[in-house]
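Below: the structure, in structure tokens.
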């Protein structure tokens, strides 16, 4: 399981990020100021750091210079949207920059993108009696392979990375089929039904009337 450090002094934002990311399958810890983050980095290693700029004790730019020694990927998360701040953050070695306010879906997508860039994406995902290898794209139950189509596997990974989150049909279609949802296509529903049948997930993938679906864990 990938370990993330959230460095954010506003507790409600830090909690929002942690809850969403943990539902997506990541292990998270929080540091509420720059000094606390520097202290924890001396004894622990993380796969990714989510770093606010405006922090007590030591600000994000100052902390970034310290983080570089550990070669850990960093995403700046801040309310400062000026171009010069973005340029400075990226120039210090950050891998991405998200401006507040942001949607949870955007945060998760950017985390996954940076981790893939560092070849740290979640290779093995466990769900109940299923084992999913996201790199080799193999799904197993009790050691036996289960054959899924490419889109069925993409759909399963989308659900697994957004556990307990209701996904709108248009988002599912846009992420799996990479096109614009016309509001009438039955493609999403048909693939969800086939996925539930193949994997025995009838009680896990819940239909949310007039909205979409949710994978309950």
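Numbering (UniProt numbering), first residue to last: 1 to 217. For glycine and all other residues, C-beta sits at the position ideal for the given N, C-alpha and C.
Alpha helix (DSSP H) containing residue i: first to last residue?
| i | result |
| --- | --- |
| residue 187 | 187 to 199 |
| residue 109 | 104 to 117 |
| residue 12 | 11 to 23 |
| residue 79 | Here residue 79 belongs to no alpha helix (DSSP H), and DSSP marks it neither H nor E. |
| residue 171 | 169 to 176 |
| residue 224 | No statement about residue 224 is possible, as the shown extent of the chain runs from 1 to 217 and does not include it. |
| residue 182 | That residue, residue 182, is in no alpha helix (DSSP H); it is neither H nor E in DSSP. |
One question on the structure: do residue i and residue j come within less than 7 Å of each other, judged by their Cβ atoms?
| i | j | result |
| --- | --- | --- |
| residue 129 | residue 141 | yes |
| residue 117 | residue 96 | no |
| residue 50 | residue 77 | yes |
| residue 24 | residue 66 | no |
| residue 207 | residue 213 | yes |
| residue 135 | residue 154 | no |
| residue 63 | residue 33 | no |
| residue 41 | residue 73 | no |
| residue 29 | residue 1 | no |
| residue 57 | residue 35 | yes |
| residue 151 | residue 191 | yes |
| residue 169 | residue 138 | no |
Residue i to residue j, Cα distance in whole Å?
| i | j | result |
| --- | --- | --- |
| residue 127 | residue 161 | 11 Å |
| residue 53 | residue 75 | 10 Å |
| residue 103 | residue 13 | 11 Å |
| residue 166 | residue 210 | 11 Å |
| residue 148 | residue 196 | 11 Å |
| residue 8 | residue 158 | 27 Å |
| residue 94 | residue 194 | 41 Å |
| residue 69 | residue 174 | 38 Å |
| residue 184 | residue 216 | 25 Å |
| residue 100 | residue 71 | 25 Å |
| residue 143 | residue 163 | 24 Å |
| residue 87 | residue 59 | 16 Å |
| residue 83 | residue 181 | 33 Å |
| residue 90 | residue 106 | 19 Å |
| residue 115 | residue 45 | 15 Å |
Can you give the beta carbon distance from residue i to residue j, rounded, assuming they're within the 8 Å contact cut?
| i | j | result |
| --- | --- | --- |
| residue 21 | residue 4 | 6 Å |
| residue 256 | residue 198 | The structure shown does not extend to residue 256, since the chain is modelled only from 1 through 217, so no value can be given for it. |
Residue i lies in the beta strand (DSSP E); which residues open and close that run?
| i | result |
| --- | --- |
| residue 130 | 130 to 133 |
| residue 30 | 27 to 31 |
| residue 124 | 124 to 127 |
| residue 146 | 144 to 146 |
| residue 140 | 138 to 141 |
Starting from residue i, follow its DSSP beta bridges and name the residues at the other end.
| i | result |
| --- | --- |
| residue 206 | 214 |
| residue 97 | 76 |
| residue 6 | 30, 50 |
| residue 40 | Residue 40 is not bridged to any residue. |
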